[in-house]
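Reminder that position 395 of the sequence shown reads as 672 in the working numbering, one-by-one numbering, no gaps.
Glycine included, each C-beta is placed from N, C-alpha and C at the ideal position.
Below is one structure, written out as structure tokens; the observations come after it.
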Amino acid sequence: MNHLTEGQTPGTSADPLLSPFRIKKLEFRNRVISTSHASMLDEGGMPLERYQRYHEEKARGGLAMTMIGGSAMTSADSSWGGGQLNLSSDEIIPHLQSLARRIHQHGAAVMSQVSHLGRRATAYAGNWLPAVAPSRIRETRNRNFPKEMDEADIRRIIRDYASAAVRCREGGLDGVETVTGGHLIGQFLSPRTNKRTDAYGGSVGNRARFGLMVHEAIRKAVGDGMIVGIRFAIDEGTDEGSDFDDCLELARLFETEGHVDFFNCIYGRMDTDLVLAEHNMPGMFQRSAPFLSQVANFRRETRLPLLHAAGIRDVATARHAIQENIVDLIGMTRAHIADPDIVNKILRGEEERIRPCVGATYCLYKKVNCIHNPVSGRETTLSSTIDRAASLKRVVVVGGGPAGLEAARVSAERGHLVILFEAGAKLGGQILVAASATERRDLLGIVDWRANELERLGVDVRLNTYADADTVLAEGPDVIVVATGGVPDLEWLEGAELCDSVWDLLTGTVSSKDDILIYDGTGRQAAPSCALHLARQGKSVSLATPDDAVAVEMPYPEKASFRKRISELGIRTMVDVRLTKVARQGNGLTAIFRNELTDTETTFAASQVVIENGTIPAEEIFQDLRSRSANDGVSAAFLVNGNQDDFVEEHQMRGKFNLYRIGDAVSSRDIYSSIYDAYRLCAEI
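Structure follows, in structure tokens:
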């Protein structure tokens, strides 16, 4: 069936992404949406100012619909301990009304997910109620043993679904969607999690019964005027679960019942960190849009409108999905965390200026903070609009890594005359090192986007220029921003002169030997990336860390994905061990460790020892300039308070420049911290 004929309202734009679409009486102004996700911006389960402003920013940016309430609670026993909207209480209605008004005034629609987690809930937080499920089968990820639901539980939860949907309607929302997958309805649908022998288990029809009853109750409660959809797993991706044919049979039952208006297609399971990273929310190890072909197959066999969001990071892929009639509405959820202004930039003919989603999954690590959009999740304290400064200045930025690039970009947007010095032949700093690892190559998008913006803004970029204090002062600056980053920290280690850094090995500056020990003192991506890089070259690699597991300081999708590949490649891991010394032994090296738990000493022999222990600030130029600055280079309070009045007054009185340092030039942190430093500083200069 041609869905573009059945559901589409003809548009005038030649761009398929910009053509309108209608489901029942609800018209979407284009085909681009953001799907439901847990932003963690709620306050006690309520969508207050932070939550509303986050979604409003996307509506202002031009998308057709933003969906709220990832895993929103229908029932008191559907809590994972925080970070969910609470749709089990009427208290939420006025907050939904406020949110709906904000979204609608910008021409966008808004729906909410309504769901019961089933066995994904926790019994040890929230209301401290036992988790419930079709069968007593523990989920690996959330670790609770559920109570097997009886008829009373089933009737109660069906009523709760309907009541939650009514609250969304009274809150002024345009629709709701339920969830199959690993949530309660999906737990009934799947033979992996439903071992019942009563009317709710066994055959496809029996397994579908609970979900069908939920949707019938929702439809009766909200009427035909509200859109009701289902986020539907089209294949569980495992022999034990529902395959494509089983899911297709289930989908046809929902279509036949007639209470569902759309399918929001998802693939796979979500009961472990790894399958979440590889299926539901594909991370940096997965290719872009990995499940479009499976969705296309589902399209050919079904008749309801389709939505889909899974790793759709760029406009070209989204446009392809609509152009080829694979889906009717395309979800660019994480892409909108990177740039909520996607549609407006397309409309303005500025598609090349869209800030790219680089697939770093940082938004799954620190709420909805994008690794290179510091405003996302901070809409109440930061503005995406950079105002022109009242007084224009000469700003010199030293360093062309992520902090320096952002400082130069924001300063130029403010209207200042900006000069950027970079000692290397390329912009990017430590990102160039990180992107040497295959799985992290897309991080280059952070650099490329900013380099293009600096060119557009007319920033004077001077590569291959090692800037000392005299070089900088010769430019007559009003403001100097030191963003010189850091250098690998090996100073703490006895025998450091015998070791190499992860940077050396990733960039090929130092040749690798056949038997390598990598020590990871950070838990971040650098050391595991290096380990994979070397193991793929056929090297024998061991990875040691003082942490209790490998990759602890990462988003959960990356933790699981790195650990999987470390296991696949046979990399030996040692945890709870702190490296204290490296010494020569014959033609090789001996690493001496002290166990973090027992304080016992052990040794490990290798041909090469590679260290990752963060960075030491490259602060020489900062210290050289500090005594000559008006503010003594003190900027920490300014970054927090956003007020430089005292500095400005002192500057005018002494007639000298203000000096700031940001990013790893202060201390060893991460890309996001560097960019956030630069944005909040330079947006006020």
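Secondary structure of Leu-936 (DSSP, three-state): strand. Pro-411 and Arg-473 do touch by the CB rule: their CB atoms are close to 6 Å apart, below 8 Å.
Excluding sequence positions up to five before and after Ser-365, its CB lies within less than 8 Å of the CB of Met-350, Thr-351, Ser-352, Ala-353, Ser-355, Asp-437, Ser-440, Ala-441, all in the same chain and listed in chain order. Rounded to the nearest whole angstrom, the C-alpha separation of Ala-942 and Gln-900 is 11 Å.
For the pair of segments examined, the segment 443 to 456 was found to touch the segment 387 to 401: the number of CB pairs separated by less than 8 Å reaches three. Boundaries of the beta strand (DSSP E) harbouring Tyr-796: 792 to 797, taken from the DSSP string.
Inter-segment contact for the segment 807 to 823 and the segment 845 to 859 is present: three or more beta-carbon pairs are separated by less than 8 Å.
Minimum Cα-Cα distance from Gly-339 among the listed residues Gln-382, Tyr-743, Arg-577, Glu-368 corresponds to Gln-382. With contact defined as three or more Cβ pairs closer than 8 Å, the segment 390 to 400 and the segment 369 to 378 are not in contact. Contact between Tyr-796 and Glu-889 holds, with the beta-carbon distance rounding to 7 Å and staying under 8 Å.
Taking 7 Å as the cut-off, the Cβ atoms of Val-672 and Ser-660 do not count as close. Straight across, the Cα-Cα distance linking Ala-598 with Asn-574 is about 13 Å.
Under the three-state reduction of DSSP, Cys-776 is assigned to coil, being neither helix nor strand. By the neighbour-count criterion, in which 16 or more other beta carbons inside 10 Å mark a residue as buried, Lys-497 falls on the exposed side.
The Cβ-Cβ distance between Ile-708 and Pro-754 does not fall below 7 Å.
Ranked by Cα distance from Ala-593, the first of Gly-706, Leu-553, Leu-584, Cys-634 is Cys-634.
In this structure, the straight-line span from the alpha carbon of Tyr-949 to that of Glu-428 is close to 49 Å. About 6 Å separates the beta carbon of Ile-898 from that of Val-675, a gap short enough to meet the 8 Å contact definition. Using a Cβ-Cβ distance cut-off of 8 Å, the segment 644 to 658 and the segment 306 to 319 are in contact, since at least three pairs of beta carbons, one from each stretch, lie closer than that value. In the DSSP assignment, His-585 falls within the unbroken beta strand (DSSP E) covering 583 to 585. Less than 7 Å divides the Cβ of Val-710 from the Cβ of Trp-780. Asp-737 is bridged by DSSP to Ile-696.
Arg-625 is bridged by DSSP to nothing; it lacks a bridge partner. Contact between Ile-543 and Ala-587 holds, with the beta-carbon distance rounding to 7 Å and staying under 8 Å.
The C-alpha of Asn-483 is placed about 8 Å away from the C-alpha of Asp-475. In this chain, the alpha helix (DSSP H) harbouring Phe-899 covers 897 to 903. Arg-306 places its beta carbon less than 7 Å from that of Ala-341. Secondary structure note for Val-387: it is in no alpha helix (DSSP H), and the uninterrupted beta strand (DSSP E) holding it is 386 to 390. Non-local beta-carbon contacts of Glu-534 in its own chain, meaning distances under 8 Å to residues more than five positions away in sequence, involve Leu-489, His-492, Glu-493 in chain order. Scanning its chain for C-beta atoms nearer than 6 Å, with the 5 sequence neighbours on each side dropped, one finds around Arg-739 the residues Phe-698, in chain order. Counted as a single uninterrupted DSSP element, the alpha helix (DSSP H) harbouring Ala-612 occupies residues 610 to 615. Looking from the CA of His-613, the closest CA among Asn-602, Thr-638, Ile-603, Gln-600 belongs to Thr-638. Bridge partners of Gln-862 according to DSSP: Gly-865. Taken atom to atom, the span from the alpha-carbon of Val-854 to that of Phe-562 is near 28 Å. Boundaries of the beta strand (DSSP E) harbouring Arg-299: 298 to 300, taken from the DSSP string. When DSSP assignments are scanned along the segment 635 to 710, the uninterrupted stretches of beta strand (DSSP E) that are 3 or more residues long and fall wholly within it turn out to be 671 to 675, 694 to 698.
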